[in-house]
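Numbering (our numbering), first residue to last: 230 to 309.
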């Protein structure tokens with residue numbers, strides 16, 4: 230496994246991610262940002278990017294995971 234970078238919800242994801250992964254992360258970000266309130270600021274949450282067997286895995290602080298499967302499809306696994 231190779232450690233990558235971290236970025237906040239709503240910020241631009243790393244350019245080296247494949248476009249479908251970036252799109253999936255953006256979708257999760259949009260859902261979270263729509264829930265923002267006085268008591269919930271999703272921009273304080275961060276994504277952590279790692280690489281396993283050459284494939285990116287982005288994990289959000291709440292446990293949500295966005296990754297590529299072996300066939301190149303994007304998987305989004307919600308927290309919990």
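Where is the CB? At the ideal position from N, CA and C, for every residue including glycine.
- Between the C-alpha atoms of residue 258 and residue 300 there is a straight-line separation of about 25 Å.
- The alpha-carbon of residue 296 is positioned some 13 Å away from that of residue 256.
- In this structure, residue 271 sits away from residue 293, with a CB-CB distance that is not shorter than 7 Å.
- Under the DSSP assignment, residue 264 falls outside any alpha helix (DSSP H); it carries neither an H nor an E label.
- Taking a 10 Å sphere around the C-beta of residue 249, we find fewer than 16 other C-beta atoms and assign the residue as exposed.
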